[in-house]
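Visitor:
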Amino acid sequence: MLEQAQRVLKDIFGYDSFRGRQGDIIERVANGGDALVLMPTGGGKSLCFQVPALLRDGLAVVVSPLIALMDDQVATLEELGVAAAALNSTLNAEQQRDLANRIKRGEVKMLYLAPERLVQPRMMAFLQSLDIALFAIDEAHCVSQWGHDFRPEYLQLGQLAEVFPNVPRIALTATADKRTREEIVTRLHLQNAERFLSSFDRPNIFYRIVPKEQPRKQLLAFLSERRSDAGIVYCLSRKKVDEVAKFLCDQGFPALPYHAGLPSDTRAANQKRFLNEEGLIMVATIAFGMGIDKSNVRFVAHLDLPKSLEAYYQETGRAGRDGLPADAWMAYGLQDVVMLKQMLQNSEGDERHKRLEHHKLDAMLSLCEETRCRRQTLLAYFDEDMPQPCGHCDNCVDGVQTWDATEPARQALSAIYRTGQRYGTGHLIDVLLGRENEKIRSVGHQHLSVFGVGKDRSEGDWRTLFRQLVARGLADIDIEGYGGLRLSDSCRPLLRGEVTLELRRELKPQTSVKSSSASPASQLVRGEEREQWEALRALRRKLAEEHGVPPYVIFPDSTLLEMLRSQPSSLSEMATVSGVGARKLERYGEAFLEVLGGQAETPKVVADIRHELISLARAGMTPLQISGQLQCSEKNVYTMLAEAIGRQELSLEQALDLPEELMEEVQDAFLDGEGELPSVASIAEQFKGRVPEGVLYCVRAALQSEFEI
Ligand code: ADP
Ligand code: ZN
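Throughout, this note's numbering is defined as the position within the sequence shown, counted from one, plus 295.
1) Whose CA, out of Leu467, Met334 and Gly615, lies closest to the CA of Pro851?
2) Quick one, which of Ala555, Pro954, Gly574 and Val820 has its alpha-carbon nearest Gly584's?
3) Taking only heavy atoms of ligand 2 into account, decide whether any of them is closer than 8 Å to the Cβ of Gly686.
4) Look at the alpha carbon of Gly612 and the alpha carbon of Ala516, and state the distance between them as a whole number of angstroms.
5) At 4 residues or longer, what runs of the alpha helix (DSSP H) sit wholly inside the segment 911 to 983?
6) Three Cβ pairs or more, each shorter than 8 Å: is that satisfied between the segment 325 to 342 and the segment 457 to 470?
7) Once the 5 residues before and after Thr832 are set aside, which same chain residues still bring their CB inside 8 Å of it?
8) Among Cys544, Thr580 and Glu969, which has the Cα closest to the Cα of Arg533?
9) Counting along the chain, where does the alpha helix (DSSP H) carrying Asp699 start and finish?
10) Quick check: the Cα distance between Leu866 and Pro918, rounded to an integer number of angstroms?
11) Could you give the first and the last residue of the continuous beta strand (DSSP E) run that contains His597?
12) Secondary structure at Trp624, three-state DSSP: helix, strand or coil?
13) Do Cys663 and ligand 2 come close, with the Cβ less than 8 Å from some heavy atom?
14) For the structure I just gave you, are there three or more beta carbon pairs, one from the segment 746 to 756 and one from the segment 779 to 799, closer than 8 Å?
15) Along the chain, which unbroken stretches of the beta strand (DSSP E) at least 3 residues long are found entirely within the segment 504 to 547?
16) Between which residues of its own chain and Gln805 is the CB-CB distance below 8 Å, once the five residues before and five after are set aside?
17) Does any heavy atom of ligand 3 sit closer than 8 Å to the C-beta of Lys340?
18) Comparing alpha-carbon positions, which option in Phe965, Pro360, Glu374 and Arg985 lies nearest Leu382?
19) Taking three-plus beta-carbon pairs below 8 Å as touching, is the segment 618 to 634 in contact with the segment 495 to 510?
20) Output yes or no for whether 9 Å exceeds the beta carbon distance between His635 and Pro510.
21) Is the beta carbon of Phe569 within less than 8 Å of some heavy atom of ligand 1?
22) Taking Ala937 as the reference, which of Asp444, Gly923 and Leu908 has the closest Cα?
23) By the 10 Å Cβ neighbour count, where 16 or more other Cβ atoms means buried, how is Tyr777 classified, buried or exposed?
24) In whole angstroms, what is the alpha-carbon distance linking Ala976 and Met958?
25) When DSSP labels each residue in this structure, what does Ala355 get in the three-state scheme?
26) How about Gly768 and Arg705: are their beta carbons less than 9 Å apart?
27) Compute the Euclidean distance between the alpha carbons of Arg400 and Glu652, then round it to the nearest angstrom.
28) Would you tell me roughly how many angstroms separate the C-alpha atoms of Phe761 and Leu531, rounded to the nearest one?
29) Grouping DSSP H, G and I as helix and E and B as strand, with all else coil, what is Met405?
30) Could you check which residue in Arg758, Arg593 and Gly968 has the C-alpha nearest to that of Ser523?
31) For Leu543 and Val578, which I take to be in contact (beta-carbon distance under 8 Å), what is that distance rounded to the nearest angstrom?
32) With a Cβ-Cβ cutoff of 9 Å, do Gln356 and Leu422 count as a contact?
33) Would you say the beta carbon of Asn732 comes nearer than 8 Å to a heavy atom of ligand 2?
34) What I want to know is whether the C-beta of Gln696 ends up closer than 8 Å to one or more non-hydrogen atoms of ligand 2.
35) Assuming Ala428 and Leu354 are in contact, meaning their beta carbons sit under 8 Å apart, how far apart are those beta carbons, in whole angstroms?
36) Looking at the structure shown, is Tyr553 part of a helix, part of a strand, or coil, going by DSSP?
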């Protein structure tokens, strides 16, 4: 089974090997077992049901919550030559009838559906009348009532277990936590499912978190190293989204806004542009994200703090689905915390819930002030142990220096206390620096003992210190009042001099801006490669427009990059590039070769043609396609195929594209008599008009070589 799966992987998808546990999962489902798959975004979940769907008889039914997701996957499959369709509200009655008829005739291999559609009694009855290969339930965490993506319709999917007891079911999600996992199992009746848990690490993402100083300038520095890359910039408020998008446009970066306050057609249009065009920056609130399948999002930047590590992980996870280097960058400051805490306090919900949300925010804060590896901390939060620092985050790469902040921290805490625990950092810093302004005088703070004790430090240093005190939970934000700072219980030991405090030392602003931009992702293509890279992308864009699909559906960036690096000079070499399956080779191979070589193919000598023929056949091309590709007659192709089979360079399955029954019939015809194999001529009559004569030569060659062994 695994061998067949491997062939489908190569022939259809153009990939050489399975990633992670894909092979095990595919084997399990292809053999009729249930599976629960937890894999991070970009891990390759789709193949886990698409390959078994192609290996099993009947229709594969895929449940997906969003129309955008369905359309994207259907387009991708169609590009690969797989008969897929989506049944959703965008089809009118006639189109739906058409689709139903195609399904009845067995012309559709994979059907994408929304859950509410699937569980309609008529739909269930229709499916019961068919041969079903499997059910795949994508984004299975939508069944969880605790998650933020809860979809009540998902609860009804549990009935599939009873109605289709013999059809394998596979549920997939990128949501990591245990609680959601257990909920999926119970609600979808997946007690017998084998569980496949992958690491949630996203090794290609480089994490960097910098203190917010001049956020726009910092963002520009970050973006200027990434011109013509696509990315997402997250902001907390709609207003800020609009402002930042405009600012970026003014600065010459192509940016679009996205938030729930925009008219729905603007939103849809902007999303569509982001998916279909290259190098666009989407400035967005968290309303933007779910269902964004775009594989070449090169960076996710946060201009405001997400409210939990779950949110941070999910949002940053939209970068680099294609596995190529990508960046997660964030600038955060104390003001973010004040704002989030106030929002939380004013939100609806009971006290228990709010407490939980505050804890989540605190965990997010500690990641920001973390002195150890960011990735280790992030994964540890999701109960995953990473023994060594990752070497691929700012803390690992830059190193973190700490300093003994005991004394200034006590001064700062004392300033909070002496001023009555009601002022924000601006005023507190004025007190510490001994600035005698009007506000200070009006409340008499120039007489406090702490007034001016902090003159030897800069305003920026104090700002950093206050931020870190809050992040460490030593000071609190007074969210019922005006967002002033208060002491928290945990600061007592420090004030009493019982403990010391080590804090991370921030890099100086100029270096931090510079190093914020240097990361591996910004060097995806080197200077001298750029021209050809742009040419490849331009061709891809043109083809995408012609086919009405997003560019990454034609080829993902990773495939283009491999073309660029390996410089294939023939179709057979092109076939070895990861992501180039038979169908795409046939459709696009020549065009991309031309861009790479800059010249048309020269006439080939016979040895080259033979060599190429074998590669093409191994890549899954049919004899007819090969004849088109090599520009020689079909008859010649069959002759060469038969020779290659005779030399055992090709298997019969690789060479031919014949239904299994027919293949058996032909083999039986040869094996009917006793003794010598009959000649092709002697059985040709029997198959006239049903198979090309060349097929008979191939089968005979295969049998002959078998007998000789
Ligand atoms: P997920 O649904 O888990 O986020 P996808 O199924 O969209 O991930 O896969 C992410 C990308 O990785 C896609 O471009 C896909 O074609 C590619 N991919 C998946 N499996 C493999 C593999 N075995 N070899 C190479 N690329 C793969
Ligand atoms: Zn690290």
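Idealized CB from N, CA, C, for every residue including glycine.
Small disclaimer: the values here were computed from a predicted structure and weren't measured.
Guide: Taking the structure as given:
1) Walking along the sequence shown from the start, residue 851 turns up at place 556. Distance check between Pro851 and each of Leu467, Met334 and Gly615 places Gly615 closest, using alpha-carbon atoms only.
2) Against the sequence shown, residue 584 aligns to sequence position 289. Residue Ala555 is the option with its Cα nearest to Gly584.
3) Here residue 686 is taken as the residue at index 391 of the sequence shown, counted from 1. Gly686: yes, Cβ under 8 Å from ligand 2.
4) Counting from 1 along the sequence shown, the entry for residue 612 is found at position 317. Counting from 1 along the sequence shown, the entry for residue 516 is found at position 221. Distance between the alpha carbons of Gly612 and Ala516 is about 22 Å.
5) Fully enclosed alpha helix (DSSP H) runs of 4 or longer: 918 to 925, 929 to 941, 947 to 950, 955 to 966 and 975 to 979.
6) Yes, the segment 325 to 342 touches the segment 457 to 470.
7) Sequence index remark: in the sequence shown, residue 832 carries index 537 (1-based). It should be pointed out that residue 832 corresponds to Arg in this sequence rather than to Thr. Closer than 8 Å at Cβ, skipping near neighbours: Glu573, Pro846 and Leu855.
8) Translated into positions along the sequence shown, residue 533 becomes position 238. Per the Cα distances, Thr580.
9) In the sequence shown, residue 699 corresponds to position 404, counting from 1. For Asp699, there is no enclosing alpha helix (DSSP H); the enclosing beta strand (DSSP E) has its first and last residue at Thr697 to Asp699.
10) Taking the first residue of the sequence shown as 1, we reach residue 866 at position 571. Taking the first residue of the sequence shown as 1, we reach residue 918 at position 623. Cα-Cα distance, rounded: 15 Å.
11) As a working mapping, residue 597 is identified with position 302 in the sequence shown. Where His597 is concerned, the enclosing beta strand (DSSP E) stretches over Val592 to His597.
12) The sequence position of residue 624 within the sequence shown is 329, counting from 1. Note: Trp624 maps to strand in three-state DSSP.
13) By one-based count along the sequence shown, residue 663 stands at place 368. No.
14) The segment 746 to 756 is not in contact with the segment 779 to 799.
15) As far as the segment 504 to 547 is concerned, its whole beta strand (DSSP E) runs of at least 3 residues are 525 to 529.
16) Here the question's residue 805 lines up with position 510 in the sequence shown. Any reading at Gln805 is ruled out, since the residue's pLDDT is 43, under 50, leaving its predicted position unreliable.
17) Ligand 3 is not among the ligands present in this structure, which contains only ligand 1 and ligand 2.
18) Locating residue 382 in the sequence shown gives position 87, counting from the first residue. By alpha-carbon distance to Leu382, the top candidate from Phe965, Pro360, Glu374 and Arg985 is Pro360.
19) Touching, per the Cβ criterion.
20) Start at 1 with the first residue of the sequence shown, and residue 635 comes out as number 340. Start at 1 with the first residue of the sequence shown, and residue 510 comes out as number 215. In the sequence on display, residue 635 carries Leu and not His. Leu635 is not a Cβ neighbour of Pro510, given a cutoff of 9 Å.
21) Taking the first residue of the sequence shown as position 1, residue 569 is located at position 274. Every heavy atom of ligand 1 is 8 Å or more from the Cβ of Phe569, so no.
22) Along the sequence shown, read from residue 1 onward, the residue named residue 937 stands at position 642. The shortest C-alpha separation from Ala937 is found at Leu908.
23) The residue you call residue 777 lines up with position 482 of the sequence shown. Classification of Tyr777: exposed, given that the 10 Å Cβ count is below 16.
24) As a first step, residue 976 is located in the sequence shown; it is residue number 681 there, counting from the start. As a first step, residue 958 is located in the sequence shown; it is residue number 663 there, counting from the start. One C-alpha to the other measures close to 17 Å.
25) In the sequence shown, counting from the first residue as 1, residue 355 sits at position 60. DSSP places Ala355 in the strand class (E or B) of the three-state scheme.
26) Here residue 768 corresponds to residue number 473 of the sequence shown, with the count starting at 1. Here residue 705 corresponds to residue number 410 of the sequence shown, with the count starting at 1. No, these two residues do not count as a Cβ contact at 9 Å.
27) Numbered from its first residue, the sequence shown carries residue 400 at position 105. Numbered from its first residue, the sequence shown carries residue 652 at position 357. The straight-line gap from Cα to Cα measures roughly 53 Å.
28) Here the question's residue 761 lines up with position 466 in the sequence shown. Here the question's residue 531 lines up with position 236 in the sequence shown. Answer to the nearest angstrom: the Cα atoms are 22 Å apart.
29) Taking the sequence shown and counting its residues from 1, the one referred to as residue 405 is at position 110. DSSP places Met405 in the strand class (E or B) of the three-state scheme.
30) One-based indexing of the sequence shown puts residue 523 at position 228. In this structure, Arg593 is the residue among Arg758, Arg593 and Gly968 with its C-alpha nearest to the C-alpha of Ser523.
31) For the purposes of this step, residue 543 is identified with residue 248 of the sequence shown, where counting begins at 1. For the purposes of this step, residue 578 is identified with residue 283 of the sequence shown, where counting begins at 1. Rounded, the Cβ-Cβ distance is 7 Å, consistent with contact.
32) By one-based count along the sequence shown, residue 356 stands at place 61. By one-based count along the sequence shown, residue 422 stands at place 127. Here residue 356 turns out to be Val, not Gln, going by the sequence shown. In this structure, the beta-carbon distance from Val356 to Leu422 falls below 9 Å.
33) Indexing the sequence shown from 1 puts residue 732 at position 437. False, no ligand heavy atom lies under 8 Å from that Cβ.
34) The sequence position of residue 696 within the sequence shown is 401, counting from 1. Taking 8 Å as the cut-off, one finds no heavy atom of ligand 2 near enough to the beta carbon of Gln696.
35) By one-based count along the sequence shown, residue 428 stands at place 133. By one-based count along the sequence shown, residue 354 stands at place 59. The C-beta distance from Ala428 to Leu354 rounds to 6 Å, short enough to fall under 8 Å.
36) Against the sequence shown, residue 553 aligns to sequence position 258. In the structure shown, Tyr553 sits in a strand (DSSP, three-state: E or B).
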